[in-house]
Structure formats: structure tokens, C-alpha cells
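One structure below.
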Amino acid sequence: MNTVYQKVVECYDSIKEQIPFTPKVALVLGSGLGNYADTMDVRAEISYSDIKNFPVSTVPGHEGKFIFGYVKDVPVVCMKGRVHYYEGYPVTDVVLPTRLMKMMGAEILFLTNASGGINPSLGAGSFMLITDHISCFAPNPLIGANIDELGCRFPDMSKIYDENLQEVIKAAAVENQIPLQEGIYVQLTGPSFESPAEIKMLRTLGADAVGMSTVVEAIAANHMGMKICGISCVANLAAGMTDQPLTHDEVQAAANQAAPLFRKLITEAIGRF
Ligand code: HPA
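Letter 64 of the sequence shown, counting from 1, is numbered 76 in my numbering, and no numbers are missing.
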């Protein structure tokens with residue numbers, strides 16, 4: 013068996029007895045959303061550190077566990093904490109949790125993150141529905157022998173973010189009077205923030221927001237045929253757009269401030285899935 017796939021299967025086998033239900037939605041919680049599970053009807057939790065060979069995040073604010081529970085009536089597996097490529101894991105480990113959640117039965121992947129706003133209309137605290145992404149600055153997680161059990165060698169990426177889910181999320185935002193913009197997310201590897209020249213380049217390329225996650229997970233999920241949606245919480249204006257230097261603490265603080273409204277948007281959207 014493909015060694016990358018074998019690792020996912022081993023993770024699954026080691027926890028399958030503890031999984032309380034078949035989740036419909038796999039929800040990845042970005043910065044600021046760590047406490048989302050407080051709003052869920054929680055049925056079980058599995059710490060990443062209790063899963064054999066599972067990549068455990070080293071970033072402060074990214075505590076790691078799967079939380080299983082209901083959002084309204086929808087069974088959800090939620091990732092509290094994700095691993096990032098900049099932590100030094102191979103990209104196949106970065107997408108291992110995504111593959112594992114598909115193996116648990118999740119059909120929908122709901123990605124969230126905090127980002128830097130490149131499009132000047134995206135101020136700190138705005139929410140951006142991800143309509144497409146730019147992946148070419150991050151390593152492709154499908155490089156290596158194809159995992160035929162999961163998907164094909166050359167998967168189509170022309171509609172990564174599901175259009176129906178986008179409509180549902182937009183309707184949830186309108187009905188709850190939560191401002192929601194739309195745009196293209198670009199993932200860079202980090203961990204350094206971008207330079208002003210890089211931000212100008214990314215703007216020229218058509219990116220609206222920049223971050224250090226999400227795209228590789230979306231590619232792996234699309235390979236497996238999952239339905240994908242994503243919302244980015246813009247935590248700061250990208251480098252060079254203000255005089256302020258960027259710090260992780262400020263990004264975290266801005267994400268925390270936007271979190272109550274972000275939580276509501278996610279809950280209202282999932283309730284309509
Ligand atoms: N750049 C990259 N990642 C980020 C940023 C940023 O400005 N803000 C939050 N995550």
C-alpha cells in the first residue's frame with residue numbers, strides 16, 4: 013500500500029472505535045475560532061497526541077483535538093488546531109487530517125482561517141468567502157505516487173469551492189446581517205509574513221487575501237471528491253498597506269475579536285447544509 017495512504021489508514025484504525033457518529037461536515041477552525049466547540053452539542057473528543065503518528069501542531073493558540081458534535085442538527089467533526097507546512101511537516105502530513113476526516117465519512121470540508129487583506133476593500137475584521145485560490149506558492153500535496161484509493165492522478169480544479177455551498181453561506185450571511193465579501197485566497201508557506209513587494213505581486217496576480225494554510229487542504233479534499241467551502245477572517249491589512257509591522261499576537265487578537273460573529277456565521281451556514 014502507498015505509505016502516505018497507509019499512515020492515514022493506521023490513524024483511522026487507531027481511533028475508529030471512539031468516533032461517535034458519521035460526520036457530515038468536517039470543520040477546520042482557524043485562528044480565533046478555537047472555542048467554537050463551546051457552541052456545539054459535543055459528543056466526543058480525541059486529542060491528536062493520542063493518535064499514533066498524527067502530526068501535532070506546535071503553534072501557540074493551535075491546541076490540537078478532533079471534536080465531534082452537532083451544530084444545529086448536523087453531525088460535525090471539528091478540528092481544533094491544524095498543522096501548518098511551516099512547522100516542518102511534509103505536506104502529506106499537513107493534509108493527513110483532511111484525508112482522515114473523509115475516511116470518517118465527512119462529505120463537506122468547511123475551511124476557515126485568518127488572513128492578511130490584500131484587496132483594499134477587505135479591512136481588518138472582514139469576512140471573505142473563498143471563491144477560488146492560488147496554490148503555486150505552496151507545495152502540492154498530491155506530489156508523489158497517486159493514492160488511487162482516494163482519487164485520480166490529475167484532478168480537475170476548475171470548481172474547487174462548491175457553488176451551492178457558497179450560495180448557502182451567502183444566504184446565511186444576508187439573513188443574519190453579517191457582512192460577507194468574496195475573493196481569492198493565496199497560501200504562502202510562511203512562517204515569515206510577506207514583504208510589501210510580495211504583497212504587490214500577489215495583488216497583481218489576483219489574490220484578495222493571503223495566509224499560510226487552507227489551499228493544500230482544499231487540494232487534497234478536492235482530489236477525494238469532497239464538497240469544499242471556506243471563509244477567511246481578515247485579521248490585518250497585508251504588509252506594506254499600513255505603517256504597522258505585523259505580529260502574530262496582533263493577528264491573533266484581531267481574529268479573537270472577530271470570533272463571535274465568525275462563530276455565528278459558521279453555525280448559521282452549517283445549519284443550512
Ligand atoms: N500574511 C500571512 N498570513 C496571515 C496574515 C498575513 O498578513 N494575517 C494572518 N495570517
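C-beta atoms are modelled at their ideal positions from N, C-alpha and C, and glycine is treated no differently.
Distances from the CA of Gln269 to each of Glu175, Ala183, Ser138, Gly283 were compared; the closest alpha carbon is that of Ser138. The three-state reading of DSSP puts Tyr98 in helix, counting H, G and I together.
In chain order, the residues that have a beta carbon nearer than 6 Å to some heavy atom of ligand 1 are Ala126, Ser127, Gly128, Phe205, Glu206, Val222, Gly223, Met224, Ala247, Asn248, Ala250, Leu258, Val263. In the DSSP annotation of this structure, the continuous segment of the beta strand (DSSP E) that includes Gly81 starts and ends at 77-83. Every beta strand (DSSP E) of 3 residues or more that sits fully in the stretch 135-171 is shown, in chain order, as 139-146. Ile58 is positioned such that its CB atom lies closer than 9 Å to that of Lys77. Cys241 places its beta carbon less than 9 Å from that of Leu121. The beta-carbon separation of Glu229 and Val86, rounded to 20 Å, does not stay under the 8 Å limit for a contact.
Assignment of Ser59 by DSSP, reduced to helix, strand and coil, places it in the strand class. The beta strand (DSSP E) runs lying completely inside the stretch 238-270 and spanning 3 residues or more are 239-249, given in chain order. Pro208 counts as exposed, since fewer than 16 other beta carbons sit within 10 angstroms of its beta carbon. Put simply, of Ala232, Ala38, Asn14, Ser127 the residue whose alpha carbon is nearest the alpha carbon of Glu262 is Ser127. Each of Ile63, Phe80, Phe166 was checked against the Cα of Ala56, and the nearest Cα belongs to Phe80. Sequence-distant partners of Leu217 (beyond 5 residues in either direction) whose C-beta falls short of 8 Å from its own C-beta, in its chain, are Ile146, Val198. In chain order, Lys19, Glu22, Cys23 place their CB closer than 7 Å to the CB of Asn65, counting only its own chain and leaving out the 5 sequence neighbours on each side. Beta-bridge annotation (DSSP): Gln193 is paired with Met140. Counting along the chain, no beta strand (DSSP E) covers Thr104; the unbroken alpha helix (DSSP H) around it starts and ends at 103-106. Rounded to whole angstroms, the gap between the alpha carbons of Asp50 and Pro272 is 11 Å.
One alpha carbon belongs to Thr34, the other to Tyr101, and they sit about 28 Å apart.
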